[in-house]
Structure formats: C-alpha cells, structure tokens
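Numbering (my numbering), first residue to last: 1 to 51. I have placed the structure first, in the form of structure tokens, so that the comments after it can refer back to it.
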Amino acid sequence: MFNPYVVFSQLSGKIEAMTANTRERAKRYMEYNAASSGSSTTLPNGNTCEP
Numbered sequence: 001m002f003n004p005y006v007v008f009s010q011l012s013g014k015i016e017a018m019t020a021n022t023r024e025r026a027k028r029y030m031e032y033n034a035a036s037s038g039s040s041t042t043l044p045n046g047n048t049c050e051p
C-alpha cells in the first residue's frame, strides 16, 4: 500500500540529513526551526513564474 505520508517522512529525513550535515549548518537549521515555530505559510495561487 502506498502511503504518501511515509514517503514524505523518509524523504524529509534524507533532505534534513543533507542540509544539516555540518555543525554550523545544523546550528542554523535549529535556529531557523525555532524562529519559525508556530508560524504558518500558504502556497501562492496561479502562475508564479510570470512577472
């Protein structure tokens, strides 16, 4: 059975491992996560590639 959440979770872990693979990057990554905690974002509508 295909479970998109499981696939996303696995990919997310791999991406996190690649982007926080040094002490400095991990520190910045944790600071960013702490700063964005509790915030929400939305995806833009329409074609965002056009000016």
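We treat Cβ as the ideally placed atom computed from N, Cα and C, and that holds for glycine.
If residue i and residue j are in contact, beta carbons under 8 angstroms, what's the gap, nearest whole angstrom?
{"i": "Tyr29", "j": "Ala20", "result": "4 angstroms"}
Roughly how many whole angstroms lie between the Cα atoms of residue i and residue j?
{"i": "Thr41", "j": "Ile15", "result": "20 angstroms"}
{"i": "Ser12", "j": "Asn3", "result": "14 angstroms"}
{"i": "Glu24", "j": "Glu31", "result": "11 angstroms"}
{"i": "Met18", "j": "Gly46", "result": "31 angstroms"}
{"i": "Val7", "j": "Leu43", "result": "21 angstroms"}
{"i": "Gly38", "j": "Ser9", "result": "20 angstroms"}
Name the two residues that bound the continuous alpha helix (DSSP H) containing residue i.
{"i": "Leu11", "result": "Pro4 to Thr19"}
{"i": "Ser36", "result": "Arg23 to Ser36"}
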